[in-house]
Amino acid sequence: MIAHLFNAPLEENEAAVGVGTVGSSEAIMLAGLAFKRKWQNKRKQEGKPFDKPNIVTGANVQVCWEKFARYFEVELKEVKLSEGYYVMDPKKAVELVDENTICVAAILGSTLNGEFEDVKTLNDLLVEKNKETGWDTPIHVDAASGGFIAPFIYPELEWDFRLPLVKSINVSGHKYGLVYAGIGWAVWRSKEDLPEELIFHINYLGADQPTFTLNFSKGSSQVIAQYYQLIRLGYEGYKNVMENCRDNMIVLKEGLEKMGRFNIVSKDDGVPLVAFTLKDHTNFDEFQISDLLRRFGWIVPAYSMPPDAQHITVLRVVIREDFSRTLAERLVADVEKVLHELDTLAARIRMISSTSSVTVSEEVVKNNGQVVATKKSALETQREITAVWKKFVLERKKLNDKMNGVC
Ligand SMILES: *Cc1c(COP(=O)(O)O)cnc(C)c1O
1393 MIAHLFNAPL EENEAAVGVG TVGSSEAIML AGLAFKRKWQ NKRKQEGKPF
1443 DKPNIVTGAN VQVCWEKFAR YFEVELKEVK LSEGYYVMDP KKAVELVDEN
1493 TICVAAILGS TLNGEFEDVK TLNDLLVEKN KETGWDTPIH VDAASGGFIA
1543 PFIYPELEWD FRLPLVKSIN VSGHKYGLVY AGIGWAVWRS KEDLPEELIF
1593 HINYLGADQP TFTLNFSKGS SQVIAQYYQL IRLGYEGYKN VMENCRDNMI
1643 VLKEGLEKMG RFNIVSKDDG VPLVAFTLKD HTNFDEFQIS DLLRRFGWIV
1693 PAYSMPPDAQ HITVLRVVIR EDFSRTLAER LVADVEKVLH ELDTLAARIR
1743 MISSTSSVTV SEEVVKNNGQ VVATKKSALE TQREITAVWK KFVLERKKLN
1793 DKMNGVC
């Protein structure tokens, strides 16, 4: 079903090639391993060195790619990001490809801002490069989040096996596949793309059982749950859920935009999430917003972008099936409250700073030796700000304890 969803070129009655895993991370290890082995076999056949494999990704890749690279001894070549462009640039990616590249990994739904990378352009540029060089560098699509979104609400978007160089795809069943944590999938374009030597065949359970896994024995409940969801909801059901998520994402995005204090760095077309940054960092930053939102019962992570956009800090809200429109509106209201509190706090800190003549610590002395002004040391200012914060947090805590009801 999943291979068909990703448009695998299967003959009538031909079985798809894929495995169920604990999540996308395991699926990515397996797909990466297949690429590495395939590349090594080809190099050996050609009598060329096969000890320096590399993989090309964007700097925005999920940490499991770094894990794959380190565990399986493959050099990770990352395309750097830049301010305002937070996904892998296909042109720069193809420039990094060399004869030792086992594959280029594109992401359908970047972890950082939910954006879909342009797999079609990557495919077209790589087809050109392969033609020029005689290599046959393939593409893997990490569709951990996007794999259960794009087929339903962006069916026209070409990112999957419709593109000839896409040889394998992973997707997380426990993200938009709507199953509890512990399930992911790796699907290959065809049998030829998964080296037979990696597949173990056992028959002591009564029949031939091919296996290609890293996690060995595990329960089948997640697989059954995925199967149930797919047949229970069907194409229309998943489409409705995804449309609903997108609508709620728009409600949240517009609510945040209206405040005029944020830049939205996620896209309307992508994973239904809102990633946003503060326009003005004079008085407080995204980490403080995240901190204060916790007191309203929201866990909204703040994180800095990877190189070369590490100076940008982002807050991110991922909209899942159970995040209703009412919750979206409530979050907007709570963000407004948090901004108000941070503004008030900043005003109080300014007030303290301007009446600081009481704490004389550093004298600004003019050339003629006369004391004209007093200035606090950096340490003292820091201490005062910390004290105000502490008081503020304690007050809030008291208030919260009294309310005794976080959402
Ligand atoms: C979540 C995610 C992963 C890892 O998936 P798990 O299912 O948690 O192992 C990998 N890549 C991307 C793009 C992701 O969003």
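In the numbering used here, the protein residues as written are 1393 to 1799.
Think of the CB as a built atom: it goes at the ideal place given N, C-alpha and C, for glycine as much as any other residue.
{"Item": "Give the straight-line distance between the Cα atoms of residue 1785 and residue 1779, rounded to the nearest whole angstrom.", "Value": "10 Å"}
{"Item": "To which residues of the same chain is residue 1396 closer than 8 Å at the C-beta, ignoring the five residues directly before and after it?", "Value": "1402, 1408"}
{"Item": "Please list, in chain order, all residues of the same chain as residue 1734 whose beta carbon is under 8 Å from its beta carbon, the five residues on each side excluded.", "Value": "1675, 1676, 1680, 1681, 1684"}
{"Item": "Do residue 1416 and ligand 1 come close, with the Cβ less than 6 Å from some heavy atom?", "Value": "yes"}
{"Item": "In the DSSP assignment, the alpha helix (DSSP H) including residue 1613 goes from what residue to what residue?", "Value": "1613-1650"}
{"Item": "Per DSSP, what are the beta-bridge partners of residue 1498 in this structure?", "Value": "1533"}
{"Item": "Assign residue 1461 to one of three DSSP states: helix, strand, or coil.", "Value": "helix"}
{"Item": "For residue 1609, which three-state DSSP category applies?", "Value": "coil"}
{"Item": "For the candidate residues 1581, 1635, 1640, whose alpha-carbon lies nearest to that of residue 1547?", "Value": "1635"}
{"Item": "Return the CA-CA distance between residue 1656 and residue 1666, expressed in angstroms with no decimal places.", "Value": "7 Å"}
{"Item": "Along the chain, where does the beta strand (DSSP E) that runs through residue 1432 open and close?", "Value": "Residue 1432 -> not in any beta strand (DSSP E); alpha helix (DSSP H) instead, spanning 1416-1437."}
{"Item": "Use the C-beta contact count for residue 1428: other C-beta atoms within 10 angstroms, 16 or more gives buried, fewer gives exposed.", "Value": "buried"}
{"Item": "Between residue 1659 and the rest of its own chain, which residues show a CB-CB distance below 6 Å, the 5 nearest in sequence each way excluded?", "Value": "1507"}
{"Item": "When you compare each of 1713, 1469, 1621, 1458 to residue 1492 by their alpha carbons, which one comes out closest?", "Value": "1469"}
{"Item": "Applying the criterion that 16 or more other CB atoms from any shown protein chain within 10 Å of the CB defines a buried residue, is residue 1611 buried or exposed?", "Value": "exposed"}
{"Item": "Ligand 1 heavy atoms versus the CB of residue 1736: any closer than 6 Å?", "Value": "no"}
{"Item": "Hey, quick one: how far does the beta strand (DSSP E) through residue 1592 stretch, first residue to last?", "Value": "1592-1594"}
{"Item": "Start and end of the alpha helix (DSSP H) containing residue 1513?", "Value": "1511-1525"}
{"Item": "If you scan the stretch 1648-1682 from start to end, which runs of the beta strand (DSSP E) of 3 or more residues do you find wholly inside it?", "Value": "1654-1656, 1665-1670"}
{"Item": "If I measure Cβ to Cβ from residue 1480 and keep anything under 6 Å in the same chain, skipping five residues before and after, which residues do I get?", "Value": "1450, 1471, 1509"}
{"Item": "Decide if residue 1443 is buried, meaning its Cβ has at least 16 other Cβ atoms within 10 Å, or exposed.", "Value": "exposed"}
{"Item": "Could you tell me whether the Cβ atoms of residue 1692 and residue 1707 are closer together than 7 Å?", "Value": "yes"}
{"Item": "Please classify residue 1732 as buried or exposed, where buried requires at least 16 neighbouring CB atoms within 10 angstroms.", "Value": "exposed"}
{"Item": "Is the distance from the Cβ of residue 1530 to the Cβ of residue 1559 below 7 Å?", "Value": "yes"}
{"Item": "Mind checking whether the beta-carbon of residue 1578 lies closer than 6 Å to any heavy atom of ligand 2?", "Value": "Of the ligands this structure carries, namely ligand 1, none is ligand 2."}
{"Item": "Would you call the stretch 1627-1634 and the stretch 1572-1592 in contact, with 3 or more CB pairs under 8 Å?", "Value": "no"}
{"Item": "Below 8 Å on the Cβ atoms is my guess for residue 1591 versus residue 1608; work out the distance and round it to an integer in Å.", "Value": "That belief does not hold up - the Cβ atoms of residue 1591 and residue 1608 are roughly 15 Å apart, past 8 Å."}
{"Item": "Would you call residue 1445 buried or exposed, if buried means 16 or more other Cβ atoms sit within 10 Å of its Cβ?", "Value": "buried"}
{"Item": "Compare the C-alpha of residue 1741 against each of 1783, 1688, 1646, 1728 and name the closest.", "Value": "1783"}
{"Item": "So residue 1563 and residue 1540 are supposed to be a Cβ contact under 8 Å. How far apart are they, rounded?", "Value": "6 Å"}
{"Item": "Would you tell me roughly how many angstroms separate the C-alpha atoms of residue 1753 and residue 1770, rounded to the nearest one?", "Value": "Low local confidence applies: a pLDDT of 44 at residue 1753 is under 50, so the model's placement there is unreliable, with the coordinate-based value given in what follows. Near 10 Å, if we compare the C-alpha coordinates of residue 1770 and residue 1753."}
{"Item": "If residue 1744 and residue 1776 are in contact, beta carbons under 8 Å, what's the gap, nearest whole angstrom?", "Value": "6 Å"}
{"Item": "Is residue 1738 closer than 7 Å to residue 1475 when the C-beta atoms are compared?", "Value": "no"}
{"Item": "Which whole-angstrom value describes the C-beta separation of residue 1579 and residue 1464, a residue pair presumed to lie in contact below a C-beta threshold of 8 Å?", "Value": "20 Å between Cβ atoms; not a contact."}
{"Item": "Mapping the DSSP letters down to three states, classify residue 1774 as helix, strand or coil.", "Value": "helix"}
{"Item": "Between the Cα of residue 1654 and those of 1584, 1414, 1599, 1728, spot the shortest distance and give me the residue it belongs to.", "Value": "1728"}
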